[in-house]
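Have a look at the structure below, then the notes.
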Amino acid sequence: MFEITHGKDGELILSGRLDAAQEGKASAVFDALAGQHVVDLKHLVYISSLGLGILLRTQKRLKASGGGGLTLINVNPHILNIFRFAGFDQVLDIRSSGPG
Amino acid sequence: MDRAFPRNIASLEAIFAFAEEFFAREAIGPEPRFAVQFALEEMFTNMVKYQAHSPHEILIRLECADDRIELRLTDYDVEPFDPTRVEPPAIDVPLEKRRVGGLGVHLTRMVMDSVEYEYVDRQSTITLTKKLG
Numbered sequence: 001m002f003e004i005t006h007g008k009d010g011e012l013i014l015s016g017r018l019d020a021a022q023e024g025k026a027s028a029v030f031d032a033l034a035g036q037h038v039v040d041l042k043h044l045v046y047i048s049s050l051g052l053g054i055l056l057r058t059q060k061r062l063k064a065s066g067g068g069g070l071t072l073i074n075v076n077p078h079i080l081n082i083f084r085f086a087g088f089d090q091v092l093d094i095r096s097s098g099p100g
Numbered sequence: 101m102d103r104a105f106p107r108n109i110a111s112l113e114a115i116f117a118f119a120e121e122f123f124a125r126e127a128i129g130p131e132p133r134f135a136v137q138f139a140l141e142e143m144f145t146n147m148v149k150y151q152a153h154s155p156h157e158i159l160i161r162l163e164c165a166d167d168r169i170e171l172r173l174t175d176y177d178v179e180p181f182d183p184t185r186v187e188p189p190a191i192d193v194p195l196e197k198r199r200v201g202g203l204g205v206h207l208t209r210m211v212m213d214s215v216e217y218e219y220v221d222r223q224s225t226i227t228l229t230k231k232l233g
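The listed protein sequences correspond, in order, to chains A and B. Heads up: the first sequence begins at 1 in this note's numbering, then just goes up one per residue. Heads up: the second sequence begins at 101 in this note's numbering, then just goes up one per residue.
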């Protein structure tokens, strides 16, 4: 199961498993973003290259249009590992803890 | 454990359920679970995308041997696709030069301990291992 909801401060909350079968659901939300967004991954347990591609594509688009881009918070250690192997720590604001 | 899956992204749900059965049976911890699921998805979706013409199901085998998990995907009547020879994407570049895509095979090689490829009689076999402990 994969869900995207909105938190009380406007952040996006991703829950469950973002695998290749979730491309439509995830793309619809991320492709509609503009400016700057916090994305809370506290309840995200799994991500594959499809999800990484959506995050990178969104970050490129937001930054290219002068926006602040994505801040990923509450990233669990397995996903943080994948982000580092993918070099995402160099191009995205990634935090293993909450906002602030 | 062996099971064959239809060549479709929608098979992922059943593939992950199959992996869960295996993890529970072998009492596998969280870190190898993540790596094995990741490798399974990336290798399977590559076969779906790049070998779409084959009418055959894709065979997945999961085994625990000594101190490692062995994962094998077998794809029948296909063109060769050797994941061990895929160039890693340029990740040490500024955001505007980062290419979207091409990460799956690279990350699979990073999270697994070995990846081997064999192509015989139009049959592709990818064997990956993940050490335990």
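For each residue, glycine too, the CB sits at the ideal point set by N, CA and C.
Looking at the secondary structure, which residues open and close the beta strand (DSSP E) in which residue i lies?
i: B/Lys231; result: Gln223 to Lys231
i: A/Val29; result: Not the beta strand (DSSP E): A/Val29 falls in the alpha helix (DSSP H), residues Glu23 to Phe30.
i: A/Arg17; result: Leu12 to Leu18
i: A/Phe88; result: Note, A/Phe88: premise wrong, no beta strand (DSSP E); not H, not E.
i: A/Leu72; result: Gly69 to Ile73
Identify, in the order they occur along the chain, each residue of the same chain with its Cβ nearer than 6 Å to the Cβ of residue i, setting aside the five sequence neighbours on each side.
i: B/Ala204; result: The question names Ala, yet the displayed sequence has Gly at residue 204 of chain B. The residues are Glu142.
i: B/Pro188; result: His206
i: A/Leu52; result: Ala86
i: B/Met147; result: Ile158 and Asp175
i: A/Gln36; result: Gly67 and Gly68
i: A/Leu62; result: Gly69
i: B/Phe216; result: The amino acid at residue 216 of chain B is misidentified as Phe; the sequence shows Glu. Once the five neighbours on either side are set aside, the close Cβ partners of B/Glu216 are Thr227.
i: B/Thr184; result: Val215 and Tyr217
i: B/Arg133; result: Phe123
Kindly list the residues whose CB is nearer than 8 Å to the CB of residue i, restricted to its own chain and excluding five residues on each side of it in sequence; keep chain order.
i: B/Glu41; result: Residue 41 of chain B lies beyond the residue range present for chain B, which begins at 101 and ends at 233; the question has no answer from this structure.
i: B/Arg199; result: Pro189 and Ala190
i: A/Arg95; result: Thr71, Leu72, Ile73, Asn74 and Val75
i: A/Asp89; result: Phe83
i: A/Val91; result: Leu56 and Gln59
Since residue i is in the alpha helix (DSSP H), which residue starts that stretch and which ends it?
i: A/Gln36; result: Segment Gln36 to Ile47 is the beta strand (DSSP E) holding A/Gln36; no alpha helix (DSSP H) there.
i: B/Val148; result: Pro130 to Tyr150
i: A/Leu92; result: That residue, A/Leu92, is in no alpha helix (DSSP H); it is neither H nor E in DSSP.
i: B/Ile115; result: Leu112 to Glu126
Which residues share a DSSP beta bridge with residue i?
i: B/Asp102; result: B/Arg161
i: B/Val215; result: B/Leu228
i: A/Glu3; result: A/Ser15
By Cβ distance below 7 Å, which residues in the same chain neighbour residue i in space, the five residues on each side in sequence not counted?
i: A/Ile54; result: Ala26, Ser27 and Phe30
i: B/Leu171; result: Val136, Ala139, Leu140, Leu162 and Leu228
i: A/Pro99; result: Val38 and Ile73
i: B/His156; result: Tyr176 and Asp177
i: B/Lys231; result: Asp167, Arg168 and Asp213
i: A/Ala20; result: Ser48 and Leu50
i: B/Arg103; result: Phe118 and Ile160
Just checking residue i against the ligand FMN - is the residue's beta carbon closer than 7 Å to any of the ligand's heavy atoms?
i: B/Leu140; result: Summarising the ligand content, the structure contains no ligands, and the ligand FMN is consequently not present.
Contiguous beta strand (DSSP E) assignments of at least 3 residues, all confined to the stretch 154-205 of chain B: As far as the stretch 154-205 of chain B is concerned, its whole beta strand (DSSP E) runs of at least 3 residues are 158-165 and 168-176.
Stretch-stretch touch, CB-based, cutoff 8 Å, three pairs: the stretch 58-77 of chain A with the stretch 206-218 of chain B: Taking 8 Å as the limit for Cβ pairs, the verdict is that the stretch 206-218 of chain B does not touch the stretch 58-77 of chain A.
Cβ pair count under 8 Å reaching 3, the stretch 148-165 of chain B against the stretch 104-124 of chain B: The stretch 148-165 of chain B, when compared against the stretch 104-124 of chain B, does touch it at the 8 Å Cβ threshold.
The stretch 216-227 of chain B in contact with the stretch 62-69 of chain A per 3-pair CB rule at 8 Å: Proximity of the stretch 216-227 of chain B to the stretch 62-69 of chain A falls short of the contact definition, fewer than three beta-carbon pairs being nearer than 8 Å.
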